[in-house]
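According to the numbering used here, the residues represented by the sequence shown are 974 to 1386, in order. Ideal Cβ positions, reconstructed from N, Cα and C, are used throughout, including at glycine. Since the model is a prediction, treat every value here as computed from it, not as a measurement.
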Amino acid sequence: MLDETHDPQLRSWVESANEPLADFPIQNLPFCRFRRPGEERTRAGVAIGDQVLDIGEDWGIASVAAVMAMPAAARTDLRRRLSRHLANYTPGADRFLYPVREIELLLPCEIGNYTDFYASLHHATNVGALFRTGNPLAPNYKWIPIAYHGRASSVVVSGTPVRRPWGQVAEDRAGPPVFTPSRKLDYEVELGAFLGPGNRLGEPIRADQAFDHIAGVVLLNDWSARDIQVWEYQPLGPFLSKSFATSISPWIVTTGALEPFRCVPEPRPTGDPQPLPYLCAGSRDAFDIVLELWLRSPHMQGPVMLSRGRFRSMYWTLTQMLAHHTSNGCPICPGDLIGSGTVSGPEKSNRGCLLELTARGAEPVALPSGEKREFLEDGDEVTLRGWCEAPGFRRIGLGECRGVIEPAIAYLS
Ligand code: CA
């Protein structure tokens, strides 16, 4: 619901939050976890401009996971109180404010479980066409929000280097394979959603209630080793080609902050089946979020944008993913993370991974430095950015999610 926290005229006494292009104006208020220099303990915070407000001390909030565990109404109430606090200066209000550049940002929440979906029809069709002629989509695609269970243990915060993984790779699809560092390392531009409060074992979350269990979103890069993936994925799906690293941004932008950017999903193509009743959620369950991918090689001064997509173009919404995930009674816990799947759109400029953008390496991307890329090389820096704009509302940003590729470890060589 829209309320006074979304008023575009609202300003903060933290001046940097009032810059027109600031990612974190007072209308945003994303949650983060951080550590101060020389301290062991972690703190829960809220970003405002280029500062972070510690909400542990005065606000009595033990952790970001505790925020995820709140019912939706309590999260809305907390957002209103934080907004008032940061709009109206009272003496001492800046006591628990720390500049972002002076703190260490951690994963924004402790993550119990991580599941990655495959919810972009454009992505699934493009990738399917690269590997299967005739029928690019599996017969279940338009009925089921497809997913696989990922590894929470290798989800890392933006800025963490990503080491090129080793794995089994087969030149010929029939084998035999060799064990080698991956030569086809890729990124995937995704949106992640932090969940809570969740459900009990055996009790599904209905689609019309699922929205209240999506606490907020982050940028997510599902690093993928395509050569390992193509050899291992049948019949049970991706495994070691994905589980070596997943990067996320340090800021959980709440569904409360995203309210002005909620929208109706793009209509399904004519002739597509309607979702089964248990997947029929509210009509405004999509979010209009722009997602950009920037690449910088060690030979480039600044990064270049390789793609820009819109999250509203997804075939399945986050509420449908959550309703499906719990439909068999599987419990969701506060701080669980889901990935949306690669966000791609109808145009080439919307393609959210190199596999699609270069047609499996057949059409390399030209960089301003004169270099070409089929897949990622050591030293490449990959950065996701995201933001939302709508007439009559303040622009908000998701920050960035960055990772640099490190050479494979000397392992068997
Ligand atoms: Ca993925």
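Tell me the residue span of the alpha helix (DSSP H) that contains residue i.
i     : result
H1058 : A1045 to A1060
Q1293 : L1291 to T1299
M1041 : V1037 to M1041
V1100 : L1094 to F1104
V1203 : R1199 to E1205
E988  : Segment: none, E988 is in no alpha helix (DSSP H) and carries neither H nor E.
G1229 : T1228 to L1231
Please name the residue in the options whose C-alpha comes closest to that of residue i.
i     : options                       : result
S1322 : I1201, M1287, G1282 and T1315 : G1282
V1196 : D1261, G1123 and Q1207        : Strictly speaking, residue 1196 in this sequence is Trp, with Val absent from that position. That would be G1123, whose Cα lies nearest to the Cα of W1196.
R1008 : L1002, N1001 and R1016        : R1016
R1358 : L1349, M1294 and L1264        : L1264
G1171 : L1330, A1363 and I1305        : I1305
P1072 : T1133, V1019 and R1057        : V1019
L1094 : L1327, P1242, L1349 and S1300 : P1242
C1236 : A1363, P1064, T1098 and V1130 : A1363
L1330 : G1312, P1341, S1313 and L1349 : L1349
P981  : P1208, P1233 and D1089        : P1233
L1103 : G1365, E1336, T1356 and A1383 : E1336
N1194 : P1208, P1223 and P1271        : P1223
I1382 : P1248, V1338 and T1153        : T1153
Return the first residue and the last residue of the beta strand (DSSP E) that residue i is part of.
i     : result
A1120 : A1120 to H1122
F1152 : V1151 to P1154
A1166 : V1162 to L1168
L1279 : V1277 to R1283
E1354 : E1354 to C1361
E1379 : I1369 to E1379
D1089 : Y1087 to F1090
W1139 : W1139 to V1142
A1335 : Note, A1335: premise wrong, no beta strand (DSSP E); not H, not E.
A1183 : It is not in any beta strand (DSSP E) - A1183 instead sits in the alpha helix (DSSP H) that spans A1180 to A1183.
L1193 : I1187 to N1194
A957  : Lying outside 974 to 1386, the shown extent of the chain, residue 957 is not represented and no answer is given.
E1329 : Careful: E1329 lies outside any beta strand (DSSP E), inside the alpha helix (DSSP H) at L1327 to L1330.
Skipping 5 residues on each side, what residues in its chain have a beta carbon closer than 8 Å to that of residue i?
i     : result
G1275 : R1269
A1060 : L983, R984, S985, W986 and I999
P1010 : E1075, I1076 and E1077
I1262 : L1164, V1190, L1231, F1234, R1283, F1284, R1285, G1359, W1360, C1361 and L1371
Between residue i and residue j, what straight-line distance do the alpha-carbon atoms span, to the nearest angstrom?
i     : j     : result
G1343 : M1278 : 15 Å
M1287 : R1014 : 39 Å
F1069 : G1029 : 9 Å
V1128 : Y1087 : 8 Å
G1101 : Y1114 : 11 Å
V1025 : D1067 : 10 Å
P1211 : A1047 : 38 Å
G1107 : R1052 : 50 Å
T1292 : D976  : 22 Å
I1225 : A1147 : 44 Å
E1373 : G1132 : 9 Å
A1218 : Y1121 : 15 Å
E1161 : G1065 : 44 Å
M1273 : D1145 : 35 Å
G957  : P1341 : No answer is possible for residue 957: the residues shown for the chain start at 974 and end at 1386.
E1077 : R1375 : 15 Å
V1040 : H1096 : 33 Å
P1138 : S1214 : 8 Å
P1109 : P1319 : 15 Å
E988  : Y1062 : 12 Å
Quick one: measure Cβ to Cβ for residue i and residue j, integer angstroms, because I've assumed they're closer than 8 Å.
i     : j     : result
P1177 : G1302 : 6 Å
F1004 : G1022 : Contact flag wrong, Cβ pair sits at about 15 Å.
L1192 : L1371 : 5 Å
W1360 : R1368 : 6 Å
P1118 : H1297 : 5 Å
R1346 : S1280 : Incorrect: roughly 13 Å between the Cβ atoms, too far for contact.
G1169 : A1042 : 5 Å
T1315 : E1163 : 6 Å
V1135 : S1220 : 7 Å
Short of 7 Å in beta carbon distance, which residues of its chain neighbour residue i, apart from the five on each side in sequence? Order them along the chain.
i     : result
W1204 : Q1141, V1142, A1143 and P1150
D1200 : V1142, S1155, R1156 and K1157
T1290 : P1238, A1254, D1258 and A1259
A1038 : C1082, E1083, P1307 and G1308
L1216 : It should be noted that the sequence gives Ser, not Leu, for residue 1216. Within the same chain, S1216 has close Cβ partners G1123, R1124 and S1127.
A1180 : Y1251, L1252, C1253, A1254, T1292, Q1293 and A1296
L1174 : G1302 and P1304
S1317 : S1093, H1095, H1096, N1099, G1282, N1323, R1324, G1325 and E1329
D1031 : F1069
Give me, in chain order, the residues of the same chain whose beta-carbon lies closer than 6 Å to that of residue i; leave out the 5 immediate sequence neighbours on both sides.
i     : result
L1231 : F1260
D1351 : I1378 and P1380
N991  : R984
I1187 : A1166, T1228 and L1291
P1246 : K1115
P1240 : none
R1054 : none
Taking 7 Å as the line, does the beta carbon of residue i fall inside it for any heavy atom of ligand 3?
i     : result
E1163 : This structure simply doesn't include ligand 3; it includes ligand 1 instead.
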